[in-house]
Amino acid sequence: MTRYSALALLRAGLTGQRHWPRAWRDPSPRPNYEVIVIGGGGHGLATAYYLAKVHGIRNVAVLERGWIGGGNTGRNTTIVRSNYRLPALHNLFDFALGLWEGMSDELNYNVMFSPRGALFLGHSDADMTALAQRGDALRCDGIDAELMTANQLRELVPLLDMSPAARFPIHGGLMQPRGGTARHDAVAWGYARAADRLGVDIIQNCEVTGFTVAGGRVTGVETTRGAIGAGRVGICVAGNSGPVAALAGIRLPIEAQTLQAFVTEPVKPMIDTVIMSQSLHCYISQSDKGGIVLGGDPDQFPSYAQRGLPPRIAQAAAEAIALVPALSRLRMVRCWAGTTDMSFDGSPIISALPVDGLYLNGGWCYGGFKATPGSGYTYAHLLATGAAHPLAAPFALDRFATGATIDETGVGFMPQFH
Amino acid sequence: MNGPGRIGRDETATLRFTFDGRSLCARPGDTLAAALLANGVGLVARSFKYHRPRGIMAAGVEEPNALVTVGEGGRTEPNTRATDVFVYEGMVARSQNRWPSLAFDLGAVNALAAPVLAAGFYYKTFFGPPARWMVYEKLIRRAAGLGKPPTLADPDRHQHRAAFCDVLVVGGGPAGLAAADDAARGGARVILVEQDRALGGCALRGDGEMPTSDAALRAAGVRILTRTTASGVWDHGFVTLAERLVEPGEAPPPGQPAQRLWHVRAERIVLATGAIERPVTFAGNDRPGVMLSQAVRTYIRRFDVLPGRRVVIATNNDDAYRTAEAVAAAGGEVVAILDSRPDFTEVARAAKERFRVHTNAFPHSTKGRSGRLRSIGADIWTERHSFDADLLAMSGGFTPVVHLHSQAGGKLDWRADIQAFVPGASAQAITSVGGAAGEVAPIGTNAVHLPHPKHSFVDFQNDVTAADIDLAWQEGYRSVEHLKRYTTLGMATDQGKTSNMAALARLASVAGVDIPQAGLTTFRAPFTPLALGALAGPDGGGHAAPRRRLALHDRHAALAPVWQPLGYWDRPRAYPAAGESLNDAAIREARAVRTSAGIIDVSTLAKFAVSGPDAAALLEMVCATGVAKLGVGRGRYTFMLRDDGMVMDDGTVWRLDETRWLLTSSTGGADRMEAHLSYVHRVLAPHLRVSVVAQQEHFAGIALAGPLAPTILAGLTGQAPPAHMGLAEASIAAVRVLILAASYSGERAFEIYAPGAIAGPVWDALDRATCAQGGCPYGLEALEFLRIEKGHVVIGAEADGRTTPHDLGLGRMLRKAGGYVGAQALGRPALSAPDRLQLVGLETAEASLPEGAMLVARAGAPVEGHVTSAAQRVLGQGGIALGLLAGGRARLGDRLIAASPTRGRHVAVTVTQPLFYDPEGERYRD
Amino acid sequence: MMRIDCPHCGPRAQSEFGYERTLDSIVTLDMPADEAMARLYARANPRGLDDELWRHGLGCRQWIVLRRHRVTHEIVGVAAFDPAILS
Amino acid sequence: MTDRDVSVSMEPAGEVIALDLWSGADAPDLCGKIALLRVEPRRWWLLDAREADLTAMIGARGAWAPIGGGLVRATLTGPGWRSLLMVAGLFDAEDPAFGTGAVAATVIHHVPVRIAVVGETSCDVYCAASYAPTLAGLWGSVIGRERVSLSRELPSATIGSE
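Residue numbers (the working numbering), protein chains in the order written: chain A, 82 to 499; chain B, 3 to 928; chain C, 3 to 89; chain D, 19 to 180.
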């Protein structure tokens with residue numbers, strides 16, 4: 082294991098970069114593991130890492146159907162923030178944000194977490210009141226949030242259209258200074274490398290095709306690379322939770338949906354913060370490479386196609402131009418789509434399932450990336466101890482039956498509208 | 003003479019343009035690339051990472067190197083491919099990603115650090131706290147990016163247009179023209195698109211003949227769109243076409259759009275998208291003067307431009323021999339043909355008669371200076387050779403353009419003879435023809451000798467070398483997707499059009515597998531970069547949503563109100579007098595309602611005529627309150643639940659006669675309620691004989707409220723006004739109106755409904771009569787004060803989608819027998835938990851309290867609830883509010899803090915009943 | 003952007019339609035509460051065919067049922083909503 | 019492009035009544051000479067009808083409600099009307115089968131509309147009155163403002179630059 086550092090990099094420069102070892106091994110599955118995590122996305126890899134690191138459980142396998150980080154980890158718009166209105170959500174996501182802040186050092190892998198600020202714009206007094214309410218809820222729980230005036234915004238993002246005659250005039254905003262972006266692929270790779278170092282087996286091209294259950298308890302999984310035994314199994318496949326849970330005969334309050342994003346050709350720096358909007362449906366940031374990364378509403382119908390609707394892209398582009406008119410002549414160079422696990426209250430599920438020893442981490446809707454370290458940490462706690470981490474306790478599956486849903490947007494049981 | 007230039011005398015070069023401030027001339031029809039070459043300009047750009055000097059490599063949209071900024075001000079288009087923009091009079095083009103100048107670029111120092119800046123180097127360094135990364139990041143961001151973005155708004159419009167056809171032919175080369183001709187002869191509706199300005203495709207460089215003409219096709223009814231790119235194929239034959247009506251940076255004629263995005267639905271799609279020539283991988287293959295072989299032919303035959311005088315050709319196929327012919331015919335010297343194949347093919351043998359042809363010959367390096375190629379090193383059999391040349395025409399084979407086929411879900415098949423993927427089974431009604439289907443020259447496949455992988459570029463624009471691919475493999479980034487993401491290969495503005503196959507070949511060779519086993523990354527839309535403005539179409543420029551106009555808009559506008567956006571609507575928020583603040587105006591208006599009378603436009607309320615023998619049955623499924631027993635001529639407050647038991651909306655329900663009802667509900671929920679009524683009727687209870695007609699805009703509504711309202715109304719109608727929650731029909735200003743005696747303000751009030759198209763005179767009459775009594779029009783702000791004082795909930799504030807009827811204190815109105823939507827959800831245990839947020843009133847001695855503030859026992863204590871709506875008392879002193887408080891109904895009299903840290907306000911409040919005014923409803927009685 | 007062959011209007015762009023819910027999650031008002039909540043909060047969510055209730059809300063405003071593949075988006079069946087399927 | 023060969027005039031739709039029938043009967047059989055449009059499978063719009071006349075015609079076979087107060091009719095005149103309707107549209111108005119007498123409901127530039135073909139060179143487009151300025155703005159930008167006229171009864175203030 083070669084530690085990454087500036088010095089090591091310089092030294093490697095002298096030797097033609099020939100001595101870097103593999104970032105993670107390519108092991109064959111062993112017959113048995115203490116814990117199997119299904120899904121080699123950021124969440125699954127983080128879960129394995131924290132199982133090994135925090136709970137000392139190193140006899141762990143991460144089973145990935147394709148290549149690690151190839152699902153929503155590699156398809157999101159890389160925004161990291163914790164400024165949700167509801168306490169259960171902002172407490173979980175802020176715990177995650179704390180972990181983001183130390184992640185590069187912790188993993189010895191630069192995930193380029195860039196706390197450049199996450200800004201919600203308000204377009205009316207009503208918007209500003211809603212933003213203040215959100216900010217007050219955050220501040221009362223010790224989370225950073227600052228209301229910004231129109232004048233402050235002019236300075237922060239000079240290209241914003243601040244004209245009062247704009248279709249969506251900008252009155253002000255709510256800033257989370259600690260929010261920002263990170264390099265999405267690096268999160269998967271960094272956790273993979275660090276987990277691998279602790280003994281975790283990361284097994285790619287290994288699709289789970291069934292569960293083995295004895296006496297109401299899960300004993301392992303069937304895979305395309307043979308049966309593998311396990312004491313506990315954690316599903317961590319947001320986007321595919323339904324089909325994987327169905328292998329155990331379980332139906333979930335989750336529906337798969339397409340969420341698109343797109344990026345422009347790279348240009349010199351023009352937007353230095355993450356811009357979102359309280360009443361529009363687009364989010365804007367500029368990648369380190371220079372591309373403007375844009376996203377919008379989900380497609381609002383069930384799909385696993387990873388291919389979206391052109392009108393959604395058009396809408397996000399129109400709204401982005403309404404906010405930053407100078408974007409009009411930039412060109413989309415690529416669009417892509419992920420499959421989101423839309424839950425029926427818009428919040429994730431981190432929970433035991435009705436089969437003993439089988440657990441679920443899913444239902445992240447379109448908010449999973451920013452939760453990655455917190456999700457992994459609390460899920461590892463659940464898998465290691467059998468008891469929910471206090472921050473994850475509100476996100477149990479039974480909340481739908483009891484009515485204790487956590488509904489940030491208040492739109493209820495229609496997943497397509499969250 | 004050395005370097006590129008025009009063939010013969012250039013008398014027709016009449017267009018003037020500038021490049022980096024230098025004034026140059028072009029012929030009409032020249033691309034910028036052709037014009038630059040004609041003017042002897044070989045150095046055009048700097049690369050992304052190492053700032054290496056770059057020239058023009060291609061003649062089409064696949065160009066990875068020659069990116070320039072075109073246009074000025076709001077029409078600035080950075081990263082424009084010089085090969086994909088036609089010169090127009092006055093065009094301004096600039097090179098980019100260089101400082102201080104293109105020829106002397108300090109960024110080129112990066113090339114010295116290249117040994118350290120290998121693929122993924124940034125993942126291995128820049129550790130420390132995020133703040134430290136932010137410092138590095140700032141430098142990295144400044145160095146990255148390509149062109150400078152515009153800073154001004156786009157002055158032009160972009161249009162969206164739908165089209166439908168039986169056959170869409172993509173590509174106007176010979177294969178596409180033949181396909182369009184065939185389809186048109188069969189009587190089909192045909193659209194033919196070509197991204198170039200001219201039809202012809204490969205025929206424009208002298209390869210093949212055009213089977214028909216533009217005019218003949220048009221005569222046959224084919225809609226021909228040139229300068230139009232099929233950017234994406236989506237589900238079910240849906241194709242987006244991007245049409246450039248003017249060139250990048252060019253001003254369109256007045257009133258005309260600059261770009262048009264077509265939304266085409268095609269029954270059948272023919273892809274005649276051709277093939278893209280691949281570069282050859284060797285050290286220094288990125289230098290200006292190294293060009294694709296077919297591009298050289300294009301410049302010579304289409305543009306009369308010879309890109310170099312002394313030409314070496316490096317190829318693995320027969321096609322490049324045509325370039326030798328073209329060069330020779332144009333007066334250039336063919337120095338050598340380096341054919342990597344060991345044996346002479348028939349074509350090579352024939353060429354040997356005229357040119358110096360070497361087999362088993364590979365270029366291994368280039369030398370150059372000041373942006374000019376000077377010599378080429380090559381390995382021929384076992385010997386090293388050097389050739390003096392100013393142009394290297396290379397051909398590494400041909401990659402069929404399968405992007406659209408693949409986007410549409412089609413499979414790809416591997417063809418070893420051309421070392422490329424070709425369209426396999428289609429997922430939609432799509433066929434590929436010509437080069438796109440793999441009709442390209444076969445290539446030699448003997449192993450490529452690559453002595454200098456670090457200087458051999460695979461992805462030119464992103465500066466990814468063969469060594470970077472090797473490193474990624476070594477570090478375990480072995481899936482082709484990992485490789486792409488780790489090295490950024492194929493992620494530049496050209497999306498790997500020229501680099502993907504070379505990269506796969508390299509990956510396959512280090513992996514020791516065949517290319518198909520190495521994998522293939524996904525083809526994603528758009529085929530070529532597409533302006534956001536064109537995507538947005540008529541929604542761009544700040545019009546992402548329509549504005550809905552009130553029927554009485556002009557009446558309000560005449561009073562110069564403060565407008566308030568509400569969904570797509572704009573409604574008057576207050577009517578301030580000159581110099582009056584919004585709040586002062588609202589209080590004045592609210593006091594008028596409390597003391598005399600006011601009128602407010604409530605036209606946007608949702609209204610539904612529910613009629614038929616089963617109307618009451620439908621209403622009782624939709625509404626959670628009792629409805630059916632309502633007497634004719636009476637109305638009642640009601641609310642509706644979602645399936646999950648949460649309050650969805652509220653309103654009033656009125657019985658106009660035995661079988662005709664009118665239901666009103668909130669403005670913001672109008673569309674949702676329309677759908678909900680339809681769902682309940684058509685899905686849950688289709689047997690009901692009932693008609694539901696949305697009348698939101700049929701009726702303009704004006705509420706007349708205040709103690710003098712009955713007098714005013716009686717004066718206007720000449721009849722006694724209906725009692726509270728009664729209704730009547732009458733005439734005002736000779737317009738028949740429906741009067742509903744409902745109150746939202748807490749005063750005696752009437753909602754007066756008249757057909758929107760003729761409601762103006764009704765407003766005028768009410769306005770005159772009300773003002774005559776000392777009243778005035780009032781806006782939403784005053785309405786908010788009045789309703790908060792009266793404790794009426796608002797959908798979105800108090801009923802926030804998380805509240806049940808019990809939470810809002812409406813539980814007693816629920817129909818015990820159930821039978822309404824949501825009834826089955828209300829028994830869930832968490833919905834009766836004692837600590838649920840419940841509606842309360844809040845009051846303070848201070849003038850106001852911050853809306854949205856958190857409710858806490860003391861500073862720093864846990865949050866127990868929040869202020870949903872706040873106001874000041876209309877007549878009395880102090881602030882009042884509605885709020886949601888944990889277990890609130892049991893906490894009357896509790897003293898709390900309304901804490902707003904974001905606004906620096908902390909206000910002591912007392913918990914009260916959510917009703918501050920006329921608790922007995924005495925003011926509703928006449 | 004699918005093309006949906008509305009049984010009333012003929013083929014139309016997906017933008018005119020809205021997805022409501024799966025057929026098996028329609029809650030009729032006579033269902034016991036437990037069954038109602040179970041239907042509301044559990045979906046098969048298959049990587050394959052499912053029966054879905056859509057509305058041609060920006061067209062003829064009728065409710066239709068699509069049998070649709072959620073990976074390929076192929077619509078293998080489309081019909082006007084028939085209440086008989088609920089009983 | 020032929021979409022400049024058309025002009026538009028927009029005015030209130032007048033007395034329009036929405037009629038739903040739940041018996042098997044069809045409105046044309048019941049309503050005599052009243053001009054009507056079938057806008058949904060079981061809904062018709064009766065143009066210039068009087069409510070008073072309907073009781074006898076319809077009886078208990080259905081129910082109706084007026085909607086004309088909030089409806090605008092845009093009359094597109096000229097051979098370019100089909101082309102104009104393709105701008106920011108979704109519906110195939112250029113389909114030759116969409117001929118005289120046909121009615122289609124669709125969306126143009128966010129505005130729900132109903133298109134009724136009057137003849138080869140004319141059609142009526144109905145939309146909610148609140149959206150009329152949006153459509154007028156869109157069409158004006160395509161064929162020129164001077165070719166779009168709004169009647170004085172319609173809200174006229176600041177037509178957007180759509």
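All C-beta atoms in this analysis are idealised placements derived from N, C-alpha and C, irrespective of residue type, glycine included. Just so it is clear, the structure is predicted and the values come from calculations on it, not from any experiment.
For A:A247, the nearest candidate out of A:I402, A:L144 and A:T83 (CA to CA): If you compare the alpha carbons of A:I402, A:L144 and A:T83 with that of A:A247, the shortest gap goes to A:I402.
Under 7 Å between C-beta atoms, does C:L31 make it to chain F? Of the protein chains in this structure, namely A, B, C and D, none is chain F.
Taking only beta-carbon positions, decide if B:I142 is within less than 7 Å of chain A. yes
Residues bridged to A:S358 (per DSSP): Looking at the DSSP output, A:S358 shares a beta bridge with A:L202.
Starting from B:R905, find everything on chain A with Cβ-Cβ shorter than 9 Å and list it in chain order. Within chain A, the residues near B:R905 are A213, G216, D217 and L228.
If the criterion is Cβ atoms closer than 7 Å, does the pair B:K51 and B:D465 meet it? The answer is yes: Cβ separation under 7 Å.
C-beta contact flag for D:V34 and D:I85 at 7 Å: Cβ atoms of D:V34 and D:I85: closer than 7 Å.
Which class does B:V460 belong to by DSSP, given the choice of helix, strand or coil? Three-state DSSP puts B:V460 in a strand.
Between B:Y306 and D:T139, what straight-line distance do the alpha-carbon atoms span, to the nearest angstrom? The question names Tyr, but residue 306 of chain B is Asp in the sequence shown. Cα to Cα, B:D306 sits roughly 49 Å from D:T139.
Extent of the continuous alpha helix (DSSP H) to which B:E2 belongs: Residue 2 of chain B cannot be examined here, being either before or after the span of chain B that is shown, 3 to 928.
Does the beta-carbon of D:L172 have 16 or more other beta-carbons within 10 angstroms, so that it is buried, or is it exposed? buried
On the CB-based measure, 16 or more other CB atoms within 10 Å of its CB, does A:S185 come out buried or exposed? buried
For the beta strand (DSSP E) holding B:I899, just list the boundary residues, first then last. R897 to S902
Shorter than 6 Å, the distance from the beta carbon of B:Q98 to the closest heavy atom of the ligand FMN, or not? No copy of the ligand FMN appears in this structure; indeed no ligand is present at all.
For the segment 4 to 36 of chain C, which residues have a CB atom closer than 8 Å to at least one CB atom of chain D, in sequence order? H10, C11, R14, A15, S17 and E18
Please report whether the beta-carbon of D:G85 lies at a distance below 7 Å from any beta-carbon of chain B. What sits at residue 85 of chain D in the sequence shown is Ile, not Gly. Yes - at least one Cβ of chain B is within 7 Å of the one on D:I85.
Identify the contact partners of C:V73 in chain A, using a Cβ-Cβ distance below 7 Å as the criterion. Y385 and A386
Thinking C-alpha only, which one of A:L237, A:K349 and A:R313 is nearest A:H462? A:R313
Residue from B:Y125, B:G881 and B:C625 whose Cα sits closest to the Cα of B:G820: B:C625
If we count the other Cβ atoms within 10 Å of its Cβ and call it buried at 16 or more, is B:K369 buried or exposed? exposed
Other residues of its chain near B:L833: CB distance less than 8 Å, five sequence neighbours each side excluded: G647, T806, H808 and A827
Please tell me whether B:S408 and B:F525 are closer than 7 Å, where the distance is taken between their beta carbons. yes
If you draw a straight line from the alpha carbon of A:L408 to that of B:W101, how long is it in whole angstroms? When rounded, the distance between both Cα atoms is 24 Å.
For B:I302, does the three-state DSSP call read helix, strand or coil? helix
Could you check if C:I87 is buried or exposed, using at least 16 other CB atoms within 10 Å of its CB as the buried criterion? exposed
Under the three-state reduction of DSSP, which class applies to B:R573: helix, strand or coil? strand
What residues in its chain sit with their C-beta under 6 Å from that of B:A855, if we drop five residues either side in the sequence? V869, A900, A901 and S902
Would you mind giving the Cβ-Cβ distance between B:T654 and B:A617, rounded to the nearest angstrom? I have them listed as a contact below 8 Å. Not quite, the Cβ-Cβ distance comes to about 15 Å (not below 8 Å), so this is no contact.
Express the C-alpha separation of D:W82 and A:C363 in angstroms, rounding to a whole number. Their Cα atoms are separated by approximately 42 Å.
Who are the Cβ neighbours of B:L9 in its own chain at under 8 Å, not counting the five residues just before and after it? The sequence as given places Ile at residue 9 of chain B; Leu does not occur at that position. The answer, listed in chain order, is I302, D306, V307, L308, A332 and G333.
Starting from B:G178, trace the alpha helix (DSSP H) both ways and give me its first and last residue. P176 to R187
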